[in-house]
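Visitor: Numbering-wise, the numbering used here puts 342 at position 339 of the sequence shown, and it's gapless, one number per residue. Below is the structure I would like to discuss, written out as structure tokens.
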Amino acid sequence: MRIAILAETDRTEARVAATPETVKKFLSLGANTTIQTGAGIKSGFTDAAYQAQGGQIVDSAAAALAHADVALCVRRPNASTLAGAKENLAVISMMDPFGNETAIGELAKINVSAFAMELMPRITRAQTMDVLSSQANLAGYRAVIEAAAEYGRSFPMTRRLGAIVTATDVRPATKEQVESLGAKFIAVENDEFKQAETSGGYAKEMSLDYQKAQADLIASHISKQDIVITTALIPGRPAPKLVTEEMVQSMRNGSVIVDLAAERGGNCALTQADEIITVNDVKIIGAANLTCRMASTASSLYAKNLFAFLETMISKETKTFSINWDDELVKATALTREGVVLDQRFIK
């Protein structure tokens, strides 16, 4: 089987879908990997590094796709990029399907089998494939560094930053995770909270009554914080507004907000994507795609997620590529097959 690794067409995207390490692993499974020249350069992976692990470098996306069974990308490729590829080519990437129904339909029209990694269910079997967690964990790390840089004061310790940390989330499972790391959990823990997680491990949209109660709790808490990092996203919806203008006004002078939901409209009412603004001496960082500021590490994590998923589709006995359409992971992530959009949520 043949795997194509394409260079990302979005100029702001520095990550790549495979590393020399995963290229070597694919080769051990019997898969040949063709990499578009320069695909990994922004992540610090040279063409020579891929070649040293058995990858073949070609000069265009079309050449990489020639005879390929699978194409791996970071962001959803345009249908025009895939023109001329083998019919039923499996394309695996972060598809960003919500609000992009037309683009998903275009992939169906050219008989691509499209898989959205961000729809991977949060179950034990799929932990090594969870791109949202691998990328969000890294973005959260970077958000703390960005906040510390903009804060203008030293943190009290050197080996660790030494901050007193609190965290909030509507998913009950998160409480134990937060407390196990030494932070304090803040949430309205009523009956609705206890059922606020989907079977796939994602947060549900909460009722207006719950949102108001949680907002009141956060408002009383946020005025005492020096740094606030927000990450809340709901699939298919704009980012929920968690930090109001009034909350910003209540914060201490010199405080910092890092809004990791900036690309989806922001969790803070004042956030401007890709901008740092100051309101009432509070800095608000509209942090769009922070993972690209750590592209090498982000690519390594993402490539491992892709490898783990694709490995389930490769027979170890015959070294051939075969999709089991009854597999729960395939059912959860498959968007298109044989000219049809499979997921009704993404039919325009």
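Where is the CB? At the ideal position from N, CA and C, for every residue including glycine.
Short check: CB of Thr-169 to CB of Ala-150, under 8 angstroms?
Guide: Position 166 of the sequence shown, counted from the start, is the residue given in the question as residue 169. Position 147 of the sequence shown, counted from the start, is the residue given in the question as residue 150. No; because the gap between Cβ atoms is not below 8 angstroms, this pair is not in contact.
Visitor: So which of Leu-92, Gly-102, Ala-106 has the shortest CA-CA distance to Val-115?
Guide: In the sequence shown, counting from the first residue as 1, residue 115 sits at position 112. Of Leu-92, Gly-102, Ala-106, the residue nearest in Cα terms is Leu-92.
Visitor: Rounded to whole angstroms, what is the Cα-Cα separation between Met-316 and Met-4?
Guide: Along the sequence shown, read from residue 1 onward, the residue named residue 316 stands at position 313. Along the sequence shown, read from residue 1 onward, the residue named residue 4 stands at position 1. C-alpha separation (whole angstroms): 11 angstroms.
Visitor: Would you check if the distance between the CB atom of Thr-22 and the CB atom of Ser-210 is smaller than 8 angstroms?
Guide: Taking the sequence shown and counting its residues from 1, one reaches residue 22 at position 19. Taking the sequence shown and counting its residues from 1, one reaches residue 210 at position 207. Their beta carbons are not under 8 angstroms apart, which means Thr-22 does not touch Ser-210 by this criterion.
Visitor: Would Val-261 and Ile-288 qualify as a contact pair, given that the criterion is a beta-carbon distance under 8 angstroms?
Guide: For the purposes of this step, residue 261 is taken as residue 258 along the sequence shown, with counting starting at 1. For the purposes of this step, residue 288 is taken as residue 285 along the sequence shown, with counting starting at 1. Yes, these two residues count as a Cβ contact at 8 angstroms.
Visitor: So, does the stretch 10 to 27 touch the stretch 46 to 53, judging by three or more C-beta pairs under 8 angstroms?
Guide: A contact between stretches requires three or more CB pairs, one per stretch, nearer than 8 angstroms, and the stretch 10 to 27 meets this requirement with the stretch 46 to 53.
Visitor: Counting only runs of 3+ residues fully inside the stretch 116 to 204, write out the beta strand (DSSP E) ranges in chain order.
Guide: Under the rule that a run must span 3 or more residues, the beta strand (DSSP E) segments found entirely inside the stretch 116 to 204 read 116 to 119.
Visitor: Grab the span of the alpha helix (DSSP H) containing Met-250 for me, first residue to last.
Guide: Residue mapping note: residue 250 aligns to position 247 of the sequence shown, counting from 1. Counting along the chain, the alpha helix (DSSP H) containing Met-250 begins and ends at 248 to 253.
Visitor: Could you give the distance in angstroms between the alpha-carbon of Gln-56 and the alpha-carbon of Ala-139?
Guide: For the purposes of this step, residue 56 is taken as the residue at position 53 of the sequence shown. For the purposes of this step, residue 139 is taken as the residue at position 136 of the sequence shown. One C-alpha to the other measures close to 29 angstroms.
Visitor: Less than 8 angstroms between the beta carbons of Ile-113 and Phe-349, yes or no?
Guide: As a working mapping, residue 113 is identified with position 110 in the sequence shown. As a working mapping, residue 349 is identified with position 346 in the sequence shown. No; because the gap between Cβ atoms is not below 8 angstroms, this pair is not in contact.
Visitor: Just verifying my parser: in three-state terms, what is the DSSP assignment at Thr-234?
Guide: As a position in the sequence shown, residue 234 is number 231, starting the count at 1. Coil, per DSSP.
Visitor: Between the Cα of His-224 and the Cα atoms of Ile-189, Ala-242, Gln-198, Ser-136, which residue gives the shortest distance?
Guide: To locate residue 224, count along the sequence shown from 1; it is residue 221. Selected option, being the one with the closest Cα: Ile-189.
Visitor: Using a threshold of 8 angstroms, state whether the C-beta atoms of Phe-324 and Asp-72 are closer than that.
Guide: Taking the first residue of the sequence shown as position 1, residue 324 is located at position 321. Taking the first residue of the sequence shown as position 1, residue 72 is located at position 69. A contact, by the Cβ cut-off of 8 angstroms.
Visitor: CA-CA distance, Phe-118 and Pro-175?
Guide: Residue mapping note: residue 118 aligns to position 115 of the sequence shown, counting from 1. Residue mapping note: residue 175 aligns to position 172 of the sequence shown, counting from 1. Phe-118 and Pro-175: Cα-Cα distance of roughly 29 angstroms.
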